[in-house]
Structures are given as C-alpha cells and as structure tokens.
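Input: a single structure, listed below in structure tokens.
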Amino acid sequence: MQLRYVFTELGQGLRRNVSMHIAVVLTLFVSLTLVGLGLLLNQQADKAADQWGSQLQITVWLCKDDDDNPRCTGEVTEPQKEAIAQAIDDNPEAESHYFETKEEAFEKIKELLGPERFEGPNPAATVDDMPQSAWITLEDPNEFEGITSAVQGLPGVSSIRDAREVLQPIYGSITALKYGAWGTAAFLVLAALMLVANTIRLAALARRREIGIMRLVGASTLYIALPFLLEAIVTAVVGVGLAAGALGAFMWFGIHERAATGLTFMPWIGLPEYTTTVLAIGVLGPVLTLLPTLLLTRKYLKV
Amino acid sequence: MIRFEKVTKTYPGSGSPALDQVSVDVEKGEFVFLVGQSGSGKSTALRLVLREARPTSGRVYVAGKEINRLAGWKVPRLRRQIGTVFQDFRLLPNKSVGENVAFALQVIGRSRADIRSVVPETLELVGLEGKADRMPDELSGGEQQRVAIARAFVNRPMILIADEPTGNLDPSTSVGIMKLLDRINRTGTTVVMATHDHGIVDQMRKRVIELEDGRVVRDQARGAYGFQH
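Residue numbers (the UniProt record's numbering), protein chains in the order written: chain A, 1 to 303; chain B, 1 to 229.
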C-alpha cells in the first residue's frame with residue numbers, strides 16, 4: 001500500500017479543518033483532565049481509607065507495654081483479645097472486625113511518614129512502640145454508640161478512635177469533587193464525540209470527489225478511511241498529552257508541593273497513581289475519537 | 001462477461017421497478033449501447049454492474065462471479081476490473097492531468113515506478129501526449145473526457161462502463177471520443193455505453209439494448225437508435 005498519499009492527505013486534512021481539530025483537542029483535553037482528576041481523587045480516597053479506615057470503621061487501640069492509659073497493665077493478652085472479639089461479635093452494630101498486629105501498624109506509619117525516619121540508630125519509633133488494634137466495620141455508620149460502650153471498658157482496651165467525625169467531611173468533599181468532575185466530564189465527552197462526528201462529516205464533504213473516485217477505481221475501504229482514522233488518532237494523542245500535562249501539574253503543585261508537605265497526617269497519591277491515571281486517559285482518549293470515526297466513516301464512505 | 005438473470009430492482013418508496021425481469025448477456029470484447037429514455041433503467045443497470053446497488057431479485061454476474069453475493073470487502077477488487085466514465089468527467093480540479101490519471105493507480109496501491117511508466121502510455125493512447133502537466137480547467141470538454149477515459153482505462157480493466165460520455169460534448173468532439181472508445185474496445189475490453197445520442201448509435205452499428213420502463217424491449221446486433229431510423 002502506498003502510504004505517501006495517506007500521509008499527504010492526513011496533513012491536508014489537519015490543516016483544512018484546523019479550527020475544528022483545535023475544538024476537538026480542547027474539549028478532549030478538558031474532559032480527559034476532569035476524568036483523570038476524578039480517578040486521582042478516587043485513588044486518594046482509597047489511600048486515605050487504607051490508613052484511617054473507611055467511613056464505616058472505628059478503630060479500637062489495644063493496650064501496649066508502657067501505655068499512656070493508666071488502666072492498662074501491660075501488653076494486651078490473648079484471652080483479653082478473645083473477650084474483645086467476643087464482645088464485638090455479639091454486638092448487632094458490628095458487621096465484622098479484624099485485628100491489626102504491631103508489625104502492620106509499624107508498616108503503616110513508616111509508609112505515612114517515610115521509612116527513613118525509622119531507620120538508623122535513633123528511630124522515631126520501633127515495632128514495640130506500636131499498639132495492636134481491632135478494626136470494626138459497622139453495619140450502619142450512624143449507629144456506633146452501642147459498640148463503643150460495649151468495648152470501651154473491657155480489659156486490654158486503651159482507647160477508641162472514631163475518626164469518622166474528622167474523615168466524613170474529607171470523604172464528603174472528595175466524593176463531591178469526584179462526581180462533580182465526572183459529571184462535567186460526561187457532558188464534555190458528549191461534546192467531544194459530536195465535534196469529532198462533525199469534523200468527519202465536513203471532511204467527508206470536502207473530499208467527496210476524491211472519495212467518489214477512490215470508490216470507483218476500487219480503493220479499499222481501509223485505504224479511504226485511513227486518513228480519517230489517523231486524524232482521529234493525532235487529535236486524541238494531542239488531547240491526551242495536554243491532559244497528562246495538566247494532571248502532572250496538579251500532582252506536582254497541588255499534591256506534592258502543598259498537600260503532601262502541609263498535611264502529613266494523611267497518605268497522599270504519588271507517581272504510581274498518576275501513571276495509572278495517565279494510562280486510563282491514554283486509552284479513553286483514542287477510543288473517544290476513533291469510535292465515532294469508525295462509525296461515521298462506515299456511513300459516509302460506504303463502498 | 002456481464003450477465004443479468006431476471007434482474008428486478010425496485011427502489012424503496014417508488015411503486016414501479018426501475019428494472020423489471022431483465023435478462024441480458026454481454027460477451028467478452030463486445031461493444032454494447034444501452035439506450036432508452038431518462039428513467040428507463042439505464043443508470044440502474046450500470047449501477048448494478050458496479051455493485052453500487054443490489055438487485056431486489058435475480059442475479060448479476062460479472063466476469064463469471066455472482067456479484068450480489070460478493071462480500072463487501074471484495075467489492076473494491078471487482079471495481080478494479082471495471083473502468084467507469086461519466087457525463088460530467090469527475091476529474092479532480094486541483095490535480096494535473098497526469099496526477100488525475102495516476103491517482104487511480106495510487107489509491108489501489110500500485111508502485112511509483114509502475115505509475116511512472118503506465119500513465120504517459122495511457123495519456124498517449126487517449127491522444128493527450130504532452131498535456132500531463134496541464135490542469136483540467138485549461139482543457140476543452142473533449143480533452144477532459146479523454147482524461148477521464150485515461151483514468152478509467154489506466155488499470156487495463158476488462159470492462160469499461162460509460163454513462164452518457166458524450167452528453168456534455170458537441171457532435172464533432174463526440175466522434176473523437178467514440179473513436180477512442182472503439183479503439184479501447186479493440187484491445188479486447190468490453191464496453192457498455194449508456195446514451196441518448198441517436199447519431200452516434202446509428203453511426204457505430206454496434207449491438208443495441210433498448211430499455212423502456214425497466215424492461216428490455218429490443219436487443220439487436222448492429223442496431224440503430226430507434227425503429228424510426
């Protein structure tokens with residue numbers, strides 16, 4: 001197949017419809033950025049939930065050696081833990097629970113504050129400084145008083161953290177932002193699809209003589225459609241690139257430089273989450289432009 | 001080469017069929033005029049040969065293949081065996097004469113070396129040697145139609161279909177075009193030409209198939225345009 005024609009045609013097509021292509025690229029850029037933002041927020045919420053428990057969870061800190069709570073008489077014992085587990089199981093407000101070991105707690109704090117603080121001769125804390133804990137998942141996030149009072153006074157219980165008061169507004173705003181971003185993105189995606197469709201219609205109209213002749217002399221459908229498909233890919237790649245740049249800027253200036261340095265009580269998303277997000281919009285972008293192109297080239301360029 | 005077996009074509013929304021139980025057989029190397037009034041079904045018949053349309057019932061064979069059963073992706077290959085010429089030339093105005101002819105080969109993927117050798121040859125055959133670099137709008141109507149014929153013939157098709165090729169041309173220019181089509185026919189190419197032009201049909205004395213309201217009313221070897229002549 002002679003691809004020289006296809007590339008000449010691609011260049012001409014991009015130049016001929018330059019304002020349309022810019023419109024497609026811009027809508028694609030903004031919608032993909034919003035989709036990506038929603039994905040990042042989603043991952044942020046997951047990450048926070050790993051550390052703090054979800055909105056349905058309360059955490060029961062168990063006694064450790066040298067506990068701040070004077071009622072503690074040393075590290076919690078196995079029979080005490082069994083009694084606590086029994087109390088939780090018997091309570092109708094609790095759906096399930098699990099125990100977290102000292103090692104798990106240590107891993108979490110290392111991840112949150114950075115491992116370098118826990119290494120060397122003078123670490124901030126050791127495994128032994130960490131308390132064991134029981135994580136209780138509630139049936140209903142609004143019914144927690146029964147379980148709290150049932151566990152409160154048991155031997156081996158140091159304190160109960162009900163982080164929901166702190167977390168609920170954070171989760172609430174993350175969720176609102178996420179759905180806001182996705183809702184807006186949905187409209188923009190619709191606009192992008194229609195713009196792509198219009199671009200193709202115009203291009204097919206502008207090239208109808210060539211297309212008519214190509215069909216008559218027996219050019220294959222793929223050959224006729226190829227410039228259109230390449231145009232779709234080029235606009236998608238540019239849109240995805242811009243969106244990846246914008247999300248990168250958000251990650252750097254918004255998360256890395258501000259939130260992550262100022263608000264260290266929470267684990268923040270980083271490069272792995274960013275990479276996942278860029279991959280996702282990298283797939284979504286071309287799909288958004290190729291899908292209408294494939295459908296419409298079938299319609300307009302039908303042999 | 002082309003065979004219609006009881007072909008009926010009804011367009012959706014119109015009561016009477018455009019073609020009604022038409023059975024015709026065109027041998028390889030024949031020159032056939034398709035005559036009849038506007039709306040008699042000439043263009044529909046040509047569209048069926050190119051598989052731009054499919055018959056409502058009946059069968060159309062081209063080069064031994066039943067083309068209404070042809071898979072969509074094989075249609076381009078069918079069309080590479082058929083050259084097509086129209087009343088309105090259908091040249092690309094922004095391409096030169098040579099480029100217009102070369103375009104037909106480019107888009108079916110022929111090599112540049114191939115194109116470089118075969119395009120001047122074909123231009124010479126149609127009598128346009130030395131005009132490869134002219135633009136279509138610098139040419140007369142007859143010359144433009146020659147470019148269109150060169151483009152239709154450059155891939156050496158087995159069949160040449162001409163839909164009113166002289167419809168936009170004056171009589172003396174038309175004679176030149178007919179001579180060219182005759183020459184192409186002599187290379188063994190089957191030519192099917194739809195026309196209104198009495199003079200040409202009478203002069204050429206080739207096979208005439210006359211359509212009226214979608215039916216074949218006459219199929220005559222070495223015929224004239226109408227009985228009145």
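Here a beta-carbon is modelled for each residue, glycine too, at the ideal position from N, C-alpha and C. These figures come from a predicted structure and were not determined experimentally.
If you draw a straight line from the Cα of Ser40/B to the Cα of Phe33/B, it comes to about 14 Å.
If you check each beta-carbon in the region 4-36 of chain A against every beta-carbon of chain B, the ones closer than 7 Å belong to Tyr5. The residue from Trp61/A, Leu41/A and Leu188/A with its alpha-carbon nearest to that of Leu154/A is Trp61/A.
Chain A places no beta carbon closer than 8 Å to that of Leu125/B, leaving this residue out of the contacts. Scanning chain B for C-beta atoms nearer than 9 Å to the C-beta of Tyr223/A yields Pro76, Val107, Ile108 and Gly109, reported in chain order.
In the DSSP assignment, Asp219/B falls within the beta strand (DSSP E) that extends over Arg215 to Gln220.
Leaving aside the five residues that flank Pro123/A on each side, the residues in its chain whose CB is nearer than 8 Å to its CB run, in chain order, Arg117. Put simply, of Val217/B, Gly226/B and Asp182/B the residue whose alpha carbon is nearest the alpha carbon of Asp202/B is Gly226/B. Under the 10 Å beta carbon count, Asn94/B is surrounded by fewer than 16 other beta carbons and is classified as exposed. Within chain B, Pro76, Val107 and Ile108 have C-beta atoms less than 7 Å from the C-beta of Ala219/A, given in sequence order. Looking from the CA of Gly11/A, the closest CA among Leu205/A, Gly285/A, Leu296/A and Leu230/A belongs to Leu230/A.
Only buried fits Ala232/A, as 16 or more other CB atoms lie within 10 angstroms of its CB. Leu169/B sits away from Ile184/B, with the two beta carbons spaced by 8 Å or more. Against chain B, the CB of Leu216/A has a partner CB under 8 Å away; the residue lies at that interface.
Nearest C-alpha to Asp128/A among Leu40/A, Lys64/A and Trp135/A: Lys64/A. The beta-carbon separation of Ala204/A and Ile211/A, rounded to 7 Å, stays under the 8 Å limit for a contact.
When rounded, the separation of the alpha-carbon atoms in Asp88/B and Lys9/B is 25 Å. Contact of Glu210/A with chain B by beta-carbon distance below 7 Å involves Leu92. At a cut-off of 8 Å between beta-carbon atoms, Ile213/A makes contact with chain B.
For Ser23/B and Pro165/B, the gap between their C-alpha atoms comes out near 24 Å. For Thr8/A, the secondary structure class from DSSP, reduced to helix, strand or coil, is helix. Collapsing the DSSP output to three states places Phe31/B in a strand. For Ala191/A, the three-state secondary structure derived from DSSP is helix. Collapsing the DSSP output to three states places Ile108/B in coil.
Residues are counted here when their Cβ sits less than 8 Å from a Cβ of chain A; for the region 155-176 of chain B these are Asn155, given in chain order. In this structure Thr27/A is buried. Its beta-carbon is surrounded by 16 or more other beta-carbon atoms within 10 angstroms. As summarised for the UniProt domain "FtsX extracellular" (56-160) of chain A, the continuous alpha helix (DSSP H) elements at least 4 residues long and confined to that stretch are 78-90, 102-113 and 145-152, given in chain order.
Look at Arg134/B: its C-beta is not under 8 Å from any C-beta on chain A.
Contact check for Val101/B against Thr122/B passes: the beta carbons are separated by less than 8 Å.
Along the length of the region 2-72 of chain B, whole beta strand (DSSP E) runs at least 3 residues long occupy 2-9, 19-26, 31-35 and 57-62, reported in chain order. Residues of chain A whose Cβ lies closer than 8 Å to the Cβ of Ala104/B are, in chain order, Ile213 and Val217. Under the Cβ distance rule, Thr84/B counts among the residues neighbouring chain A, one pair being separated by less than 8 Å. At a cut-off of 8 Å between C-beta atoms, Arg215/B does not count as an interface residue with respect to chain A. Assigned with DSSP and collapsed to three states, Val85/B falls in strand. Taking 8 Å as the cut-off, the beta carbon of Val175/B is found no closer than this to the beta carbon of Leu91/B. Contact annotation: the region 133-147 of chain A touches the region 90-103 of chain A, with at least three C-beta pairs closer than 8 Å.
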